[in-house]
Structures are given as C-alpha cells and as structure tokens.
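Visitor: One structure coming up, written as structure tokens, with questions to follow.
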Ligand SMILES: NC(=O)C1=CN([C@@H]2O[C@H](COP(=O)(O)OP(=O)(O)OC[C@H]3O[C@@H](n4cnc5c(N)ncnc54)[C@H](OP(=O)(O)O)[C@@H]3O)[C@@H](O)[C@H]2O)C=CC1
Ligand SMILES: Nc1nc2c(ncn2[C@@H]2O[C@H](COP(=O)(O)O)[C@@H](O)[C@H]2O)c(=O)[nH]1
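Numbering (the numbering used here), first residue to last: 848 to 1174.
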C-alpha cells in the first residue's frame, strides 16, 4: 500500500473539452444487464429506501437496492416489481433463514435481477457460502457481495461467484465502526477503492463517505462502476426516515443499519443516528447530480463517463475545502 488519501485530499486535473455543451455528456452506466442514468445508488438502509422510492427509481432508470430489514415483505416486493414490468433488486443477510428465503424465491419462480449480500464484514466464509447458494439456486440473479476493504477480499468473493463487490468498511456518515473497533477504510476510503479496483475483474461499488457530488466523479476515477450514497440522500421528502421540526426548520432522521435504532437493542452497535436538513424532492437532487457529473465528464475532456477513468489527479496537501462550505 503506497500513499493513502481520501476524497477531500484529491483534485482531478482538467483536460481540453471536446463538447460545446455539458448537455452532450452522457452519464449513463451499464451495470449487469441494465443501463442506468447515473452510476449512483441510494444506500440499502431503512431511512434511505423503501418500496415506494424503489418503484420511482426503477421507473426512471435509476439503480436501487431495497434494504433487508423487512424480511417478510421481500418476496411480495419482487412479485410486485415483476407485475409492473420493473427490475427487482433486494438485499439478504447470511443467517440460516436467508437460505430458505432464497430457496423459496426459486420455488415461486421469483428471480430478482439483483441480490445484494449485505453484512458488515463481507470477507468471510458466511458470505462465500451465501454467494454459492444464490448462484446455485437463482443463477440468473446478479449477485453483489460486501462489504470489503482489501484486494484479497475482492478476489475471493469474485472467485466464489460474486458479479460485483462493494467496498467500504467504516467511511459512512452514521458509522462508528472505526471508533469502536479501530478497523476499516474510514479516512482513506478513496485509496482503498483504488487498491481494491486494481485487483478486481468485475465491477466495484464504492460505498460510503460521499459528501459532495464531485466525490462521485472521484470514485469513478479510482475504479468504481457504481457509487452507494446514504447521507446525501437522507434528507428528501421521499426518504423513509421520520421528518421532525426544530425551531421552524425541517429535518429527517438518518440512522445506521447497525445502530440500536435499527437493531432494537444495544448489542454489537456500530452505527448511530443523526438528523439531516430537509432538502425537498429527490428528483431535484438526481437532476443536479446528473448535471454535475456531466460537467465532470466535460472537464475530463470526453463525452462519456469512461473519460473520467483516465484523468490525471493531484494529492492536495490541505483539504480542498480550505474552510469553505458548499452552500
Ligand atoms: N459498511 C460498513 O462499514 C458497515 C455496515 N454495517 C451494516 O449494518 C448492518 C448489520 O450488519 P451485520 O452486523 O454484519 O449483520 P447481521 O447482524 O445480519 O450479522 C450477520 C452475521 O455476521 C456475523 N457478524 C457480524 N459482524 C461480524 C464480524 N465482524 N465478524 C464475524 N462475524 C460477524 C453476525 O453474528 P454476530 O452478530 O453474532 O457477530 C451474523 O451471524 C448491515 O446492513 C451492514 O451493511 C455494519 C457495520 C459496518
Ligand atoms: N459502520 C456502519 N456503517 C454503516 C451503518 N449503516 C450503514 N452503513 C454504511 O454507510 C453507508 C452510507 O454512507 P454515507 O457516508 O453515504 O452516509 C452505507 O451504504 C453502509 O455501507 C452502520 O450502522 N455502521
């Protein structure tokens, strides 16, 4: 491992533009058998995504992954998405009941297009076993496995049959893994992404630590095919987290999937709860993300997302924010 850095330590270097307008730049990405409008997916967390938002995203050609915290509703969700002619993308864990759930889906001939194995420490035999079970039972499903933070883990999960791996242990906004365990990619997530991407032969999802839209372009530069985002999506009208009012201002709750609020008990807690400012409709944020990414592509000197992959960059000694705030 050579130099480590994180999102705010990096600036991408502009190349001569080949477009006359940013609107000529194409932000779409092929992932699995689908082409999505953006290389972005809202985090599969209970305060970020629910069935209603999943339908909106699928209808509008965005990628989504439903969380796994209402386990009994997942089979009906897959059935409902199929009835609507939309793709189904769900999450599973690794406990015993998840094996029978996968078998049940196969018996009902309900094949989700995407299945994400979502556990904290994805470099484990339990995930490898689950990848093999899904691939044997639902071979048509595209399997995303995670989370991991090393090239060895990426290679092992790919070797077990994963179609994509998810990188990021501890960089999340509501994560306390780094503090409670001393482990993870918190503080050097972008360098960890680069390290993992060099070893990968299949797509990588960069997960956690995105604080600005520019971080999406940086993730693509360092090897991500898709970028998972929690906190930036938490404040919308459509976000399932509770809306609260304080001193006349609206906020939305955002809690970790390993927080006591998710688990209902204080056991192995590695997540916390916070409130983020209310931001209005998610549609406006998605449009702004697209425009910002189109601009990134133009600065990269191309007209497609792949142009960003080849740009030069510098490691900036001090934070690029230099005390500034975005708004
Ligand atoms: N991306 C990240 O940095 C992190 C994300 N999370 C999120 O929190 C949620 C809950 O995660 P998780 O606790 O894994 O899910 P589960 O509670 O479903 O646990 C999955 C299984 O893995 C075991 N397990 C959990 N952590 C470890 C570990 N460090 N080493 C070995 N075995 C382990 C659990 O057993 P037991 O509980 O008995 O140990 C259980 O059998 C997920 O959505 C996950 O993505 C959580 C932490 C970090
Ligand atoms: N360590 C923990 N990580 C968590 C928890 N719940 C979710 N997550 C991860 O965070 C990202 C979102 O990060 P953000 O910076 O965009 O907000 C999410 O996709 C998970 O990987 C948790 O309880 N503990």
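The beta carbon of each residue, even a glycine, is placed where N, CA and C say it ideally should be.
Pick out whichever of 1012, 957 and 953 has its Cα sitting closest to the Cα of residue 975.
Guide: Measuring from the Cα of residue 975, the nearest candidate turns out to be 1012.
Visitor: Among all the DSSP beta bridges, which residues are the ones paired with residue 936?
Guide: Note: residue 936 sits in a beta bridge opposite 961.
Visitor: Using C-beta distances below 6 Å, list every residue in its chain close to residue 871, excluding the 5 sequence neighbours before and after it, in chain order.
Guide: Around residue 871: 1150.
Visitor: On a CA-only basis, which of 967, 886, 1029 and 933 is nearest residue 790? Give me that one, please.
Guide: A query on residue 790 cannot be resolved here, the shown segment of the chain reaching from 848 to 1174 and no further.
Visitor: State the DSSP-derived secondary structure class of residue 908, mapped to helix, strand or coil.
Guide: Coil.
Visitor: So is residue 1016 buried or exposed if we call it buried at 16+ other beta carbons inside 10 Å?
Guide: Residue 1016 is buried by the Cβ-count criterion.
Visitor: Report the residue from 910, 1128, 902 and 888 whose alpha carbon sits nearest the alpha carbon of residue 880.
Guide: Looking at the Cα atoms, 910 is the closest of the given residues.
Visitor: Is residue 1050 buried or exposed, if buried means 16 or more other CB atoms sit within 10 Å of its CB?
Guide: The residue in question, residue 1050, is buried, as its Cβ has 16 or more Cβ neighbours within 10 Å.
Visitor: Please confirm whether any heavy atom of ligand 1 lies closer than 7 Å to the CB of residue 873.
Guide: For ligand 1, not one heavy atom lies less than 7 Å from the Cβ of residue 873.
Visitor: Report whether the distance from the Cβ of residue 1115 to the nearest heavy atom of ligand 1 is below 7 Å.
Guide: Answer for residue 1115: yes, Cβ within range of ligand 1.
Visitor: From this set, 1009, 1083 and 1100, which residue's C-alpha is nearest residue 1091's C-alpha?
Guide: Comparing Cα positions, the closest option is 1100.
Visitor: Measuring only from the beta carbon, is residue 968 closer than 7 Å to any heavy atom that is part of ligand 1?
Guide: Yes, since a heavy atom of ligand 1 falls inside the 7 Å radius drawn around the Cβ of residue 968.
Visitor: Taking the CB atoms as reference points, tell me whether residue 1082 and residue 1126 lie closer together than 8 Å.
Guide: Taking 8 Å as the Cβ cut-off, residue 1082 and residue 1126 qualify as a contacting pair.
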